[in-house]
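S.K.:
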Amino acid sequence: MANFLFYFFALLALVSAALVVVSKNPVNAALGLLLSLVGVAGLFVLLNAALLAFVLLLVYAGAVVALFLFIIMLLDTRPEQSKPLPRMTLIAATLGGALLVVGVLSLNQRAALSAGGAAVTGPTLKHYAEQLFTTYLLPVQLVGFLLLIAMLGVIVLSKKSDQAEETP
Amino acid sequence: MIVDLPHYLLLSAVLFVLGFFGVLLRKNTLVIYMCLELMLIAATIALAAFSHFNDTLDGNVFVFFILTIAAAEVAVGLAIIVALFRQRGTVQVEALNHLQH
């Protein structure tokens with residue numbers, strides 16, 4: 064049963080990720096991203112991290128994808144016309160793809176990743192809280208500071224463009 | 042055939058490759074941004090899988106940080122894209138070549 068669920072969610076994530084990459088319409092791409100996130104959230108549940116799945120759906124599906132859709136509605140949504148790619152891009156794509164294929168193959172064949180005994184019961188919120196407020200206290204503070212800086216940056220960015228429109 | 046750590050790593054690698062090619066091949070800045078998010082998500086799958094199969098919590102905590110930073114990144118990036126659209130009137134990357142040469 065767990066195997067079937069893994070393959071189901073993996074297929075969902077991969078197919079909708081491919082939809083993000085190939086679809087001409089940005090709205091379809093955003094909805095594909097949403098479906099892919101649902102698949103990944105299912106995988107997190109299978110990995111005994113139900114809290115992470117919850118946070119992923121809340122933050123990504125709830126906030127990030129909605130933000131993407133808002134911006135798509137604000138900007139032009141004309142489907143992009145397919146032009147032939149420049150040669151350098153094709154060469155870079157081939158090289159990068161070949162490197163990644165080699166990396167994945169060697170990972171699967173050579174690396175002896177011995178999996179330890181998986182925990183039977185997943186970590187609860189208490190375990191996360193203990194980790195976050197003892198071992199990772201400094202990163203938590205730094206991430207909070209980063210969020211503050213990001214908020215200030217967004218305010219400054221949107222304000223500046225308003226003034227640039229008014230001055231000329 | 043039991044689903045094991047290499048399965049999750051392979052899935053994460055394939056998802057990362059999909060996002061990578063999306064960034065490389067697409068022309069719309071918004072779609073490029075979505076593909077960047079796909080690459081971040083692929084990394085979180087690998088972290089959660091390592092954390093689960095090695096019976097630790099560190100990977101999961103790092104997934105928390107990645108989610109936070111991705112949210113901040115999306116907010117700033119989309120603000121930049123909107124400001125760019127106001128200045129130039131387009132979000133297609135081949136039209137945004139004013140820094141070339």
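If you read the sequences in order, they're chains Y and E. Sequential numbering of the first sequence, starting at 64, is according to this note's numbering. Sequential numbering of the second sequence, starting at 42, is according to this note's numbering. Built from N, CA and C at the ideal position, the CB exists for glycine as well.
#1: Per DSSP, what are the beta-bridge partners of E:Gln133 in this structure?
#2: Would DSSP call Y:Pro186 helix, strand or coil?
#3: Let's test the definition: count the other Cβ atoms within 10 Å of the Cβ of E:Arg67 and tell me whether it reaches 16, buried, or not, exposed.
#4: Quick one, are the C-beta atoms of E:Ala3 and Y:Ser221 less than 8 Å apart?
#5: Output yes or no for whether 8 Å exceeds the beta carbon distance between E:Gln133 and E:Asn69.
#6: For the segment 162 to 173 of chain Y against the segment 100 to 110 of chain E, do three or more pairs of beta-carbon atoms, one drawn from each stretch, fall closer than 8 Å, so that the two count as touching?
#7: E:Gln141 by DSSP, collapsed to three states: which one?
#8: Quick one, are the C-beta atoms of Y:Phe107 and E:Ala89 less than 8 Å apart?
#9: Are the CB atoms of Y:Ile135 and E:Val123 within a distance shorter than 8 Å?
#10: Between the segment 76 to 86 of chain Y and the segment 112 to 120 of chain Y, are three or more C-beta pairs nearer than 8 Å?
#11: Which class does E:Asn101 belong to by DSSP, given the choice of helix, strand or coil?
#12: In the structure shown, what three-state DSSP assignment does Y:Ser99 receive?
#13: Y:Val122 versus chain E: which residues are under 7 Å apart at the beta carbon?
#14: If you follow the alpha helix (DSSP H) that Y:Met151 is in, where does it begin and where does it stop?
#15: Across the segment 92 to 106 of chain Y and the segment 73 to 90 of chain E, are there enough close Cβ pairs to call them in contact, namely three or more that are closer than 8 Å?
#16: Hey, how far is the Cα of Y:Pro202 from the Cα of Y:Leu148?
#17: Looking at the unbroken alpha helix (DSSP H) that takes in Y:Val127, where does it start and where does it end?
#18: With a cut-off of 8 Å, does the C-beta of E:Leu98 fall near any C-beta of chain Y?
#19: Should Y:Leu68 and Y:Leu109 be called a contact, given that it needs their Cβ atoms to be closer than 8 Å?
#20: Return the chain-ordered list of same chain residues with a C-beta closer than 8 Å to the C-beta of E:Asp99, the five sequence neighbours on each side being excluded.
#21: Residues in the same chain with beta-carbon distance under 8 Å from Y:Leu195, minus the five sequence neighbours each way, listed in chain order, please.
M.R.: Reading it off the structure:
#1: Here residue 133 of chain E refers to the residue found at position 92 when the second sequence is read from its first residue. Paired residue(s): E:Asn69.
#2: Against the first sequence, residue 186 of chain Y aligns to sequence position 123. It is coil, neither helix nor strand.
#3: For the purposes of this step, residue 67 of chain E is taken as the residue at position 26 of the second sequence. With 16 or more Cβ atoms within 10 Å of its Cβ, E:Arg67 is classed as buried.
#4: Given that chain E is displayed from residue 42 to residue 142, the structure contains no residue 3 of chain E and the question cannot be resolved.
#5: Position 92 of the second sequence, counting from 1, holds the residue named residue 133 of chain E. Position 28 of the second sequence, counting from 1, holds the residue named residue 69 of chain E. A contact, by the Cβ cut-off of 8 Å.
#6: no
#7: Along the second sequence, one-based indexing puts residue 141 of chain E at 100. If DSSP states are grouped into helix, strand and coil, E:Gln141 belongs with coil.
#8: As a first step, residue 107 of chain Y is located in the first sequence; it is residue number 44 there, counting from the start. As a first step, residue 89 of chain E is located in the second sequence; it is residue number 48 there, counting from the start. In contact: Y:Phe107 and E:Ala89 (Cβ atoms closer than 8 Å).
#9: Residue 123 of chain E sits at position 82 when you count from the first residue of the second sequence. Residue 135 of chain Y sits at position 72 when you count from the first residue of the first sequence. No, the Cβ-Cβ distance between E:Val123 and Y:Ile135 is not below 8 Å.
#10: no
#11: The residue you call residue 101 of chain E lines up with position 60 of the second sequence. Of the three classes helix, strand and coil, the one that applies to E:Asn101 here is helix, per DSSP.
#12: Counted from its first residue, the first sequence places residue 99 of chain Y at position 36. Reduced to three states, the DSSP call for Y:Ser99 is helix.
#13: Your numbering for residue 122 of chain Y matches position 59 in the first sequence. Leu108 and Ala112, listed in chain order.
#14: Numbered from 1 along the first sequence, position 88 holds the residue referred to as residue 151 of chain Y. Arg150 to Gln172 is the span of the alpha helix (DSSP H), which, as asked, contains Y:Met151.
#15: yes
#16: Within the first sequence, the letter at position 139 stands for residue 202 of chain Y. Within the first sequence, the letter at position 85 stands for residue 148 of chain Y. Rounded to whole angstroms, Y:Pro202 to Y:Leu148 spans 42 Å at the Cα level.
#17: The count along the first sequence starts at 1 and reaches residue 127 of chain Y at position 64. Element bounds for Y:Val127: n/a, residue is neither H nor E.
#18: As a first step, residue 98 of chain E must be located in the second sequence, where it is residue number 57. It does: the Cβ of E:Leu98 has a partner Cβ on chain Y nearer than 8 Å.
#19: As a working mapping, residue 68 of chain Y is identified with position 5 in the first sequence. As a working mapping, residue 109 of chain Y is identified with position 46 in the first sequence. For Y:Leu68 and Y:Leu109, yes; Cβs fall inside 8 Å.
#20: Within the second sequence, residue 99 of chain E is the residue found at index 58, counting from 1. Excluding residues within five positions, the ones whose Cβ falls inside 8 Å are Ser92.
#21: Here the question's residue 195 of chain Y lines up with position 132 in the first sequence. So the list reads Val203, once near-sequence residues are dropped.
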